[in-house]
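Chemist: Here it is, the structure, as structure tokens.
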Amino acid sequence: MFVEKKEKFNIDAKLLHRDVKEYLGIKDLKRTRIINIYDFIQVSNEDYDAIVKNILIDGGDLDYVYERIFPIDKESKYFRVEFLPSQYNQREDALFQSIRILLRKDIKVKHSLLLVFEGIQEEQLNKIKKILYQSS
């Protein structure tokens, strides 16, 4: 399941876009997207549908929800960011707790991010990865 805030509401993507352009000096960057990825572990189709309908879909006002594929420009550069097993993931925990309340079941959820950058080259993507997500 892929969930992306509509551009008007996607403050995190706007801030990341600004930071990459201003602090990393990547002026070619045209657009930045942040897509939340939710992987449900051992969930029935019925439970999956209930989770999507009652928790993840906001009525279409704030988010785009894609179940299997999402639109991406073939020239875009992207990478996935996952939390380490020992790191607390607030989105993952909030969704788990919501599922527990709604369905009264313990359904394991894994959350990660897909960061998508439009208008940059591979070496610029590598610079973003190195600065933002690799320790020295």
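Per our numbering, the sequence shown starts with residue 33, numbered consecutively. C-beta: ideal position from N, C-alpha, C; glycine also. Remember, predicted model here, so these are calculated numbers, not experimental data.
#1: Can you check the stretch 49–103 for any alpha helix (DSSP H) of at least 4 residues that lies completely inside it and give the ranges in chain order?
#2: By Cβ distance, which residues of its chain are closer than 6 Å to S168, with the 5 residues on each side in sequence left out?
#3: What did DSSP end up calling L146 once you bin it into helix, strand or coil?
#4: With distances taken from CA atoms, which of F128, I163 and F41 is nearest I87?
#5: For H49, collect the residues of the same chain with a Cβ closer than 8 Å to its Cβ; drop the 5 residues on either side in sequence, then sort them by chain order.
#6: I89: which of N121, K38 and I139 sits nearest, CA to CA?
#7: Which two residues bound the contiguous beta strand (DSSP E) that contains F114?
#8: Quick check: Y70 and V141, are their CB atoms within less than 8 Å of each other?
#9: Under the rule that 16 or more other beta-carbon atoms within 10 Å means buried, what is E36, buried or exposed?
#10: Can you look up K209 in the DSSP assignment and give me helix, strand or coil?
Modeler: The relevant details are as follows:
#1: With a minimum length of 4 residues, the continuous alpha helix (DSSP H) runs that stay inside the stretch 49–103 are 77–83.
#2: Note that S168 scores 44 on pLDDT, short of 50, meaning its location in the model is unreliable and no value can be drawn from it.
#3: The three-state secondary structure of L146, taken from DSSP, is strand.
#4: F128
#5: L61, R63 and T64
#6: K38
#7: The amino acid occupying residue 114 in the given sequence is Glu; Phe does not appear at that position. Residues K109 to E114.
#8: Cβ distance < 8 Å, so Y70 and V141 count as in contact.
#9: buried
#10: Residue 209 lies beyond the residue range present for the chain, which begins at 33 and ends at 168; the question has no answer from this structure.
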